[in-house]
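I have placed the structure first, in the form of structure tokens, so that the comments after it can refer back to it.
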Ligand SMILES: Cc1cc2nc3c(=O)[nH]c(=O)nc-3n(C[C@H](O)[C@H](O)[C@H](O)COP(=O)(O)O)c2cc1C
Ligand code: SF4
Ligand code: FES
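Protein chains in written order, with the working numbering: chain A, 5 to 455; chain B, 111 to 269.
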């Protein structure tokens, strides 16, 4: 991987990388011009399909395939929603893209809209990104002036409007149907699927939802071709007929207890250890690692002896994690208490559950209450089994909830307790020597104050 | 009749967004943002007036508003509104201590506003800036890798 040259971050080194002038000087919008001149929408869809691009927003769904789910014949508009709600703890690559190189994102967005015949795109950005908001709005304005947006783009006959839409501080707006409900002006309650957004999405019309990094990849696939994209990454596992492989460059987020936290670009399939040591300068303060989140907190935990795990769509699951997620690695050093880690995770999900599904609403709230009780010196070993019972029963994987937030809440519980059970048991026994073996039902602490 | 709260300027800004969306209801969040930015809160009367503009029942707007945690309704938030991240990457680098320190220095608890209206301190989940942990957003500005001293200096510098 030594000879890999950054693509997604290439322009960011340049001065004023966020401006149209700098972007065009580096060859920006050439791919769009060529596509509008030489290609049909279907040609772009086929190209993206052949590239093997899979969504970068967390689920890893093949992008070209998703686009083909749109009805072939439809009267009336198709909507494109760009998912810039980025709120998964540990994840910040979309922010870096939008702040440092918004035109790369917009070029990809325009190409993706052209491919899907969308004439209106909503750029749904989370509330807490004021700099990205200003930069993207300025870039959109530049695009209208330059004729890359608006009616009859570059004389091609294709017209597109892009509207920035601001979120309001709720993680669940990142779930694609929660995003759609929020865009429509309602509470962001995810919808029961099917129907999938491609059939009935925003304003009851066929809708595509893609992540910011996904459309940035589209820019380069159109510029450099599907073979270039497939020349890096991890090919399909021959033993798994359903694995489409993990191709292309990836923006890895690295944070927590490393010397140099940051956003780093490398091909798909980078081993966790290499990300930490080569890019991140190793564990901070000369300490040792204890564990790492492989792809945003929803994905669970790797132990330090599992850092040979590669960051591609298939590998983290082989280590018992939920998946690659956003490829955001958060490193925990040897001083971190797993009880504190799990408390932080449970607090996040209890706070962010939208409350529609009882297993998720009650499961996340009760897991937090139990962790509060454990941290207050009133834990029992039985609580670990109760927590695992919650972890094993909430989510779309066990089939008890509407969306994947609860799978994300479950995985840290399952991984932390199953991979570090002895530590939890020691903590509980030492902090509650009189009562750690109790099994009779107990009340929650009066007020946790942590919700 | 309660006194009108939305200015003509706000109403025009809201109406200007209508052509962007196929429904009026979709303008709910943008309208709430416009009011929040101007008034630093969205009192019930503003909800009624927004509903009028969007041809909705006030309860529909209120239902949406109450789902999101960023629109205070009783009184305006402070001139500076600070969001201190407490999620995992920031927690690993001292955000709990930072939040506690800021609140103690300002003499308020999370969610509270100082008596002089200078600052509101809020708890945030991941701000999408984890490489800068511990971090906080103060109005439109992200503060990176905040130390104790920087936290103190920040509070002293507020107007
Ligand atoms: C709770 C939850 C939160 C999500 N948050 C985001 C997010 O912030 N950004 C994002 O792109 N996708 C997020 N997703 C995934 C989206 O539902 C969707 O799969 C994605 O936006 C599709 O885009 P892609 O195929 O380009 O990845 C989230 C999913 C869940 C279940
Ligand atoms: S799983 Fe949780 S977050 Fe998702 S819809 Fe159900 S209650 Fe809401
Ligand atoms: S965890 Fe604090 S910004 Fe992400």
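For each residue, glycine too, the CB sits at the ideal point set by N, CA and C. Note that the structure is a prediction, hence the values are computed from the model and not measured.
Taken in chain order, the members of the region 68-99 of chain A whose beta-carbon sits within less than 8 Å of a beta-carbon on chain B are 81, 90, 91, 92, 93, 94, 95, 96, 98 and 99. Under the 8 Å Cβ criterion, the region 375-394 of chain A does not count as touching the region 265-280 of chain A, having fewer than three qualifying pairs. Boundaries of the beta strand (DSSP E) around residue 269(A): 266-271.
In the DSSP assignment, the residues bridged to residue 255(A) are 269(A). About 7 Å separates the CB atoms of residue 143(A) and residue 24(A); that is less than 8 Å, so the two are in contact.
Contact between residue 332(A) and residue 95(A) holds, with the beta-carbon distance rounding to 4 Å and staying under 8 Å. Under the DSSP definition of a beta bridge, residue 336(A) partners with 295(A).
Neighbours of residue 8(A) in chain B, taken as residues at a C-beta separation under 8 Å, are lacking, since the least C-beta distance is about 21 Å. The beta-carbon of residue 137(B) is placed less than 8 Å from the nearest beta-carbon of chain A. For residue 167(B), not one C-beta of chain A is nearer than 8 Å to its own C-beta.
In chain order, the residues that have a beta carbon nearer than 5 Å to some heavy atom of ligand 2 are 194(A), 357(A), 358(A), 360(A), 361(A), 364(A), 405(A), 406(A), 407(A), 409(A) and 410(A). By the neighbour-count criterion, in which a residue is buried when 16 or more other Cβ atoms sit within 10 angstroms of its Cβ, residue 373(A) is buried. In the DSSP assignment, residue 354(A) falls within the alpha helix (DSSP H) that extends over 342-356. Below the 9 Å Cβ cutoff, chain B contributes no neighbours of residue 419(A), its closest Cβ being approximately 14 Å away. Distance from the CA atom of residue 111(A) to the CA atom of residue 85(A), rounded to whole angstroms, is 15 Å. By the rule that beta-carbons nearer than 8 Å mark a contact, residue 267(A) touches chain B.
The Cβ atoms of residue 196(B) and residue 234(B) sit closer than 8 Å to each other. Residue 199(A) is outside the set of residues whose beta carbon lies under 8 Å from a beta carbon in chain B.
For residue 195(B), the three-state secondary structure derived from DSSP is strand. Residue environment: residue 148(A) is assigned as exposed (fewer than 16 neighbouring CB atoms within 10 Å of its CB, all protein chains considered). Under the three-state reduction of DSSP output, residue 85(A) falls in the strand class. Think of a sphere of 8 Å around the beta carbon of residue 235(B): the chain A residues whose beta carbon falls inside it are 91, 93, 175, 352, 355 and 356, in chain order. Within the same chain, Cβ atoms closer than 6 Å to the Cβ of residue 381(A) are found at 435 and 436, the five residues on either side in sequence being excluded. Of the residues assessed, residue 119(A) falls on the buried side of the cut-off, its CB having 16 or more other CB atoms within 10 angstroms. Interface annotation, residue 156(B): not in contact with chain A, CB-CB separation never under 8 Å. For residue 187(A), the neighbours in chain B by C-beta distance under 7 Å run, in chain order, 136. Residue 257(A) reaches chain B at 240 and 241, counting residues in chain order whose Cβ is nearer than 8 Å.
Listed along the chain, the chain B residues whose CB falls inside 9 Å of the CB of residue 207(A) are 131, 132, 133 and 136. In this structure, the straight-line span from the alpha carbon of residue 239(B) to that of residue 245(B) is close to 7 Å.
For the C-beta of residue 348(A), the chain B residues within less than 8 Å are, from N- to C-terminus, 196, 197, 198 and 201.
Relative to ligand 1, the nearest heavy atom lies less than 7 Å away from the CB of residue 91(A). In the DSSP assignment, residue 102(A) falls within the unbroken alpha helix (DSSP H) covering 97-104. Judged by their CB atoms, residue 168(B) and residue 157(B) are nearer to each other than the 8 Å cut-off. The criterion of a C-beta distance shorter than 8 Å is satisfied by residue 106(A) and residue 22(A). For residue 251(B), the three-state secondary structure derived from DSSP is strand. For the region 171-189 of chain B, the set of positions with a beta-carbon nearer than 7 Å to some beta-carbon of chain A reads 173, 174, 177, 178, 179 and 180 in chain order.
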